[in-house]
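In the working numbering, the protein residues as written are 182 to 275.
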């Protein structure tokens, strides 16, 4: 069983990193269509707190999550978390 990895997507909102398929910019027309379809189907989670949407998170459950944090920032948080977890595993082995 894999460990639970959480990522902060802004304003204290947390998502399971293991469930994320992609983190993309909201600017393109196809992504805007995906957002609208998710809104229509009740699968949209708006975690922007009224701020500008800077990232769209697509999950394996077909939910779409809007965040006001840049995609690069979230990707860096995931990588940092994985590196920290790897370091902790190495320390536990000693």
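Backbone N, C-alpha and C fix where the C-beta goes; we use that ideal spot for every residue, glycine too.
#### Entry: Closest Cα partner of residue 220 within the set 186, 250, 238 and 245
Residue mapping note: residue 220 aligns to position 39 of the chain shown, counting from 1. Taking only the C-alpha atoms, the option nearest residue 220 is 245.
### Query
Between the beta-carbon of residue 226 and the beta-carbon of residue 247, is there less than 9 Å?
Position 45 of the chain shown holds residue 226. Position 66 of the chain shown holds residue 247. A contact, by the Cβ cut-off of 9 Å.
### Query
In this structure, what does DSSP give as the bridge partners for residue 189?
If you number the chain shown from 1, residue 189 lands on position 8. In DSSP, residue 189 forms a bridge with 195.
### Message
Less than 8 Å between C-beta atoms, sequence neighbours within five positions excluded: which residues of the same chain meet that for residue 250?
### Response
Residue numbering aside, residue 250 sits at position 69 when the chain shown is read from its first letter. So the list reads 190, 191, 235 and 236, once near-sequence residues are dropped.
#### Entry: Cα-Cα separation, residue 256 to residue 186
By 1-based counting over the chain shown, the position of residue 256 is 75. By 1-based counting over the chain shown, the position of residue 186 is 5. Cα-Cα distance, rounded: 13 Å.
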